[in-house]
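First comes the structure, then the notes that go with it.
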Amino acid sequence: MKTNFILLISVFFFSSCTYDFNETKINSSTFTKKSLTLNQEKKSHFKTLSRKKSEEIRSLIYSLNTKHVVFIDPGHGGKDPGAVSSKGNYEKHITLRASKILQKSLSKYKNVKVYLSRYNDKYLYLRDRIKLAHKVKADLFLSIHADASKNKKAKGISIFSLSNIASDAEAKKLAKRENKSDFVGNMKLKNNDPLVVGNLIKIFQRETMNQSAEFAKFVLNDLREYSLYNRGHRFAGFAVLKSPQIPSILIELGFLTNNDDEKKLLDSKYLTNLCETISISIVKFLKIREN
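The sequence shown begins at 123 in our numbering and counts up one residue at a time.
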């Protein structure tokens, strides 16, 4: 009697397992179909965005009426590698590569001249980077970087503009890490009174900070428009952004400490897409300043 009972339970258990297995197969098939549908929708979405971007680029190519100079600063270089990923990828190489791609993206626009602070793997002081931008009479300054974090889940693009007060603790820490030297300013002012000069520089810098924040908004709007994941507009006291005359932003392209971001930063197609988006923002901002 005991044996029959055990046998009955075993058969029933086997029957239940068989039913669940079939149900799982059905659910798996449904899930696969849904995944395929989502992938097709995603591809269609990106094709639409690509067409839209191409149309916007065409509409902007001849939109600028006066000559403009854009200065791109690839972060780090030479003895300063910047962030280093667990796979041995250096920030200094990624920033240089991305800066050259951005230069190429901007080259298609009429009346835009682009200079880089460095064209190879060499070290530059922060103050020298700004001096070079002033030397070529830059209208815009973009400092290109790649981020790093102890939190490996941290990802996305960050846009920074100058502020005396950091927007968050992470931004403050990042600025402190990047600032190895500072810059006072090389403005040519006729008045030699230190108090007057100091106040004039503050006034100029405040206005420039406002323009930098406005420029950051242009970039963020286009990043969102073209589905490029970003962490928003943030503020910090980056020394390299302290020109009292040139609207300046710092772009963290992504996190080398995040596997997904690192793959993107090594992908030429992704960087080209990103740089084309940033170039659209640059031209639109320059156009607004013409009016």
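Each residue gets a CB set at the ideal place from its N, CA and C atoms; glycine is no exception.
Item	Value
Option nearest K201 by Cα separation, candidates I194, F193, E213, K209	E213
Stretch-stretch touch, CB-based, cutoff 8 Å, three pairs: the segment 346–354 with the segment 229–248	no
Residue burial classification, G210 (beta-carbon count within 10 angstroms, cutoff 16)	exposed
Through-space distance from Q333 to Q367, alpha-carbon basis	10 Å
L393 beta carbon less than 7 Å from that of I223	yes
Alpha-carbon to alpha-carbon, E384 and E374	12 Å
Through-space distance from K232 to Y184, alpha-carbon basis	5 Å
Residue range of the unbroken beta strand (DSSP E) whose run includes N187	Counting along the chain, N187 falls outside any beta strand (DSSP E), and DSSP gives it neither H nor E.
Environment of I404 [buried if 16+ CB atoms lie within 10 Å]	buried
Residue of K257, L238, L345 minimising C-alpha distance to G278	L345
Residue closest to L189, alpha-carbon to alpha-carbon, out of S229, S285, K274	Note that residue 189 is Lys in the sequence shown here, rather than Leu. Taking only the C-alpha atoms, the option nearest K189 is S229.
Buried versus exposed call for S181 [16 or more other C-beta atoms within 10 Å across all chains shown]	exposed
Selected residue, minimal CA-CA separation from V358, among K391, Y348, E347, I371	In the sequence as presented, Val is not what sits at residue 358; that position holds Ala. It is I371.
8 Å contact criterion, which S283 and A338 should meet: CB distance rounded	5 Å
Strand pairing of I266, partner residues [DSSP]	P196, I373
Between the CA atoms of V191 and R240 - distance to the nearest angstrom	16 Å
Beta-carbon gap between S221 and P203 smaller than 7 Å	no
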